[in-house]
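Chemist: Counting with our numbering, you get residues 15 to 116 for the letters of the sequence shown. In this text, a Cβ means the ideal position worked out from N, Cα and C, and glycines have one as well. Because the structure is a prediction, the values reported are computed rather than measured. Please read through the structure below; I'll follow up with questions.
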Amino acid sequence: TARAMDKDPVRRAFLLGCPPRRFEAETQEEVAVLPLDSFLVDEAVRQASGGTTEYSLPWLLEGRVTVNAIKQHLKCAQALGFAYLPQGILLKRRMDMASCIA
């Protein structure tokens, strides 16, 4: 999946992240947004989608962007002592959904 996304950047177009803050219209303030799955997964999605949190910009990046984001995700999870399997499943699910939509 990651290599396919790197070969065909259109597959990354629907790889959407979660912004760290959003504007609350009723209170006219910015409020923090909780991560969709986990902060590590959201960071990997941000890296793979062009460095943005809400909208993907796949045409800005070339090369093995998605593969490198997954490798970085693995390194961070291991450094923090997290079990990688649940993290990897969450990340794969997000990437599979983006690929299916494209």
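Would you identify the three-state DSSP class for Val45, choosing helix, strand or coil?
Modeler: Position 31 of the sequence shown, counted from the first residue, corresponds to residue 45. In the structure shown, Val45 adopts extended strand secondary structure according to DSSP, grouped into three states.
Chemist: Can you give me the start and stop residues for the alpha helix (DSSP H) that Phe28 sits inside?
Modeler: Sequence index remark: in the sequence shown, residue 28 carries index 14 (1-based). It is not in any alpha helix (DSSP H) - Phe28 carries neither H nor E in the DSSP assignment.
Chemist: Quick one: grab the DSSP three-state call for Glu68.
Modeler: As a first step, residue 68 must be located in the sequence shown, where it is residue number 54. Correct three-state label for Glu68: coil.
Chemist: Leaving out five residues before and five after Ile84 in sequence, what residues of the same chain have Cβ atoms less than 6 Å from its Cβ?
Modeler: What you label residue 84 is simply residue 70 of the sequence shown in a count that begins at 1. Taken in chain order, the residues that qualify are Ala16.
Chemist: Residue range of the alpha helix (DSSP H) that Glu57 falls in?
Modeler: As a working note, residue 57 is residue 43 in the sequence shown. Phe53 to Ala62 is the span of the alpha helix (DSSP H), which, as asked, contains Glu57.
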